[in-house]
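Protein chains in written order, with our numbering: chain A, 3 to 141; chain B, 3 to 141; chain C, 3 to 141.
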Amino acid sequence: MAVETYSIKLETKGDADIQDITEAVGAVLYESKFSNGIVTIFCPSATSALTTIEFESGCISDLRRLFDEIIDPNRHYDHNARWGDGNGHSHVRAALMGPSFTVPFIENRLTLGTWQQIIYLDFDNRPRRRELVVQIMGE
Amino acid sequence: MAVETYSIKLETKGDADIQDITEAVGAVLYESKFSNGIVTIFCPSATSALTTIEFESGCISDLRRLFDEIIDPNRHYDHNARWGDGNGHSHVRAALMGPSFTVPFIENRLTLGTWQQIIYLDFDNRPRRRELVVQIMGE
Amino acid sequence: MAVETYSIKLETKGDADIQDITEAVGAVLYESKFSNGIVTIFCPSATSALTTIEFESGCISDLRRLFDEIIDPNRHYDHNARWGDGNGHSHVRAALMGPSFTVPFIENRLTLGTWQQIIYLDFDNRPRRRELVVQIMGE
C-alpha cells in the first residue's frame, strides 16, 4: 500500500465551463503503476466542482440550464454586495456540487461506466488557470 | 493495510427508484474481515447516484418530489432532442447527486447514524440491472 | 500506511446553522503526524451535511437562501405528516448535500484552496450536539 500525489493543469473559460478530465485522470493512473485502490480528485478552489456525466453536448447543456435556473447569476447575491466581484452564484454552485470526487480502480483501470465521464465544472465568472490535486492510494 | 473490491447487484424499476443498500454494504464489510478504514461505493453509470437518508416512505417521497420540481422529466432536454431516449432528466439528476459515496468503518462497523441509511437512486426511465463497485481499504 | 480515527464535537443551533470546521480538521491532522493521504469526514446523521465554501457571511447567506428556495421548510412534507417532527425539509437537504467529505493532504497539510473552508451544515430544526467522524488514511 502506498500513496502518491499528482496534479492536472487546466485552462478554463469560466461561466460554467465544463471539461472532460477522464483521459487526464486515466493517464495519471496509468503512469502510477498502481493496480487496485482509489483516486481522489480535489479542486483547491471555492468556485469549481467535480462530478460525472455522459459527456455529450445535450447533457452538458441540460446541466448548465439547471444551474441557471436554481442558482441564477442575474439576481442579488450578498457575496457580490460585500465584495463586488460578481461571482456570488459561482460560490453557491460550487458548494452545492462539491470539490471532491473519489473513484475506485481495478487492475489499473478506473471503474467508470461506458458512458460516464469525470467532469470539472468551473463556475467562476472569468477564465482561470486551475490545478487539480489527483491523489492515488492503493497497491 | 490492504484493498479489496466487491460488488453489489441490484434490479431497479427506474423512474427514481430508491433502494436501501445499507445491509448489503454491511454484509460485504462483515465478510471482508477488515477492522478500520473506508468503504467506497461507486455506480458505474451516468443515470444513477448514491447518498444517505432516513429510509422511511415520507423522506423518500419528499426527496423524489425535489427531483420532480427542480429537474422535471416533462419538459425539453437537449439530450432527448439529440438521442431520443427520453432520459435527459436522469442524466442531470445523476450528475447533481454524484456516483460516489465514501463511509468510514471502525471495528468492522459502518459509522452511520442510527437513522441514516445508504441509498442507491436509479434515475433512468426504465428497469435496469445494476452492479455497484464496493471497494474496502484499511487494515 | 495506516488508518486512524478521530472525532470532532460540535454544538449547533439548527435551522441551517453552518459552521467552519477547517481549523478543527487541520488540528486533528497535525496531531496525527501523517504526511500524505486522505482525510474522510463523515456526519453520522440524516439531517446534516458537509461541503466547502468561502466562509464569509455573504456566501453563507446566499447558500442558505438556495435551501430556502428549493427545499422550503414552510410547505407540506410527507415525513412531517407521518412523524410530526417538522424536519422533513432537513432530511431532503441533507440527502441532497451528502454526509461525506474527502480531502487529500500533502506533507501534513490539507490541499484546500486559499479561500476554501470545510463547512458543516446542520439542517435540523433544533439545536443539536454532534460528533463527526474524522478518519485519516495514509503514511
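The beta carbon of each residue, even a glycine, is placed where N, CA and C say it ideally should be.
Source: prediction; values computed, not measured.
Any idea if residue i is buried or exposed, counting beta-carbon neighbours within 10 angstroms, 16 or more meaning buried?
{"i": "Pro-129 of chain A", "result": "exposed"}
{"i": "Asp-124 of chain B", "result": "buried"}
{"i": "Ser-92 of chain C", "result": "buried"}
{"i": "Asn-76 of chain B", "result": "exposed"}
{"i": "Tyr-32 of chain C", "result": "exposed"}
{"i": "Arg-132 of chain C", "result": "buried"}
{"i": "His-78 of chain A", "result": "exposed"}
{"i": "Arg-111 of chain B", "result": "exposed"}
{"i": "Asp-64 of chain C", "result": "buried"}
{"i": "Ser-50 of chain C", "result": "buried"}
{"i": "Gly-39 of chain C", "result": "buried"}
{"i": "Ser-59 of chain A", "result": "exposed"}
{"i": "Ser-47 of chain C", "result": "buried"}
{"i": "Ala-97 of chain A", "result": "buried"}
{"i": "Thr-166 of chain A", "result": "In this structure chain A extends from 3 to 141, so residue 166 of chain A is not present and cannot be described."}
Less than 7 Å between C-beta atoms, sequence neighbours within five positions excluded: which residues of the same chain meet that for residue i?
{"i": "Asp-17 of chain C", "result": "Asn-127"}
{"i": "Ala-26 of chain A", "result": "Ile-10"}
{"i": "Phe-44 of chain B", "result": "Pro-101, Ser-102, Leu-134, Val-135"}
{"i": "Gln-118 of chain A", "result": "Thr-54, Glu-56"}
{"i": "Phe-69 of chain C", "result": "Ala-18, Arg-95"}
{"i": "Asp-22 of chain B", "result": "Phe-57, Gln-119, Ile-121"}
{"i": "Gly-88 of chain C", "result": "Asn-82, Asn-127"}
{"i": "Met-99 of chain B", "result": "Ala-51, Thr-53, Leu-123"}
{"i": "Ile-108 of chain C", "result": "Asn-38"}
{"i": "Gly-28 of chain A", "result": "Leu-112"}
{"i": "Gly-86 of chain A", "result": "none"}
Could you tell me which residues DSSP puts in a beta bridge with residue i?
{"i": "Glu-6 of chain A", "result": "A:Ile-138"}
{"i": "Thr-49 of chain A", "result": "Thr-49 of chain A is not bridged to any residue."}
{"i": "Ile-43 of chain B", "result": "B:Phe-103, B:Val-136"}
{"i": "Ile-55 of chain B", "result": "B:Gln-119"}
Between residue i and the rest of its own chain, which residues show a CB-CB distance below 6 Å, the 5 nearest in sequence each way excluded?
{"i": "Ile-20 of chain A", "result": "Ile-62, Ile-121, Leu-123"}
{"i": "Val-30 of chain A", "result": "Tyr-8, Val-136"}
{"i": "Thr-42 of chain B", "result": "Thr-104, Gln-137"}
{"i": "Glu-13 of chain B", "result": "Arg-131"}
{"i": "Arg-66 of chain A", "result": "Ala-18"}
{"i": "Ile-72 of chain A", "result": "none"}
Counting only the same chain and skipping the five closest in sequence on each side, list residues whose C-beta sits under 8 Å from that of residue i.
{"i": "Leu-114 of chain C", "result": "Thr-24, Thr-54, Val-105, Ile-120"}
{"i": "Asp-74 of chain B", "result": "His-91"}
{"i": "Val-5 of chain C", "result": "Gln-137, Ile-138, Met-139"}
{"i": "Glu-141 of chain A", "result": "Met-3, Ala-4, Phe-36, Ser-37, Asn-38, Gly-39"}
{"i": "Asp-80 of chain B", "result": "Gly-90"}
{"i": "Lys-15 of chain A", "result": "Asp-124, Pro-129"}
- Message: Report the start-end ranges of each beta strand (DSSP E) in the stretch 66-140 of chain A that is 3 residues or longer and not cut off at the edges.
- Response: 102-108, 119-124, 130-140
- Query: Taking a cut of 9 Å between CB atoms, which residues from the stretch 104-116 of chain C lie near chain B?
  - Reply: Thr-104
- Message: Just to confirm the assignment: which complete alpha helix (DSSP H) runs, minimum length 4, are found wholly within the stretch 11-38 of chain B?
- Response: 24-34
- If contact means a Cβ-Cβ distance below 8 Å, which residues of the stretch 40-63 of chain C contact chain A? Ile-40, Thr-53, Thr-54, Ile-55, Glu-56, Glu-58, Ser-59, Gly-60, Cys-61, Ser-63
- If contact means a Cβ-Cβ distance below 9 Å, which residues of the stretch 62-82 of chain C contact chain A? Ile-62, Ser-63, Asp-64, Leu-65, Arg-67, Leu-68, Glu-71, Ile-72
- Message: Give me the subset of the stretch 8-41 of chain C whose CB atoms are less than 8 Å from a CB atom of chain A, sorted by chain position.
- Response: Asn-38, Gly-39, Ile-40
- If contact means a Cβ-Cβ distance below 7 Å, which residues of the stretch 115-133 of chain B contact chain C? Gly-115, Trp-117, Gln-118
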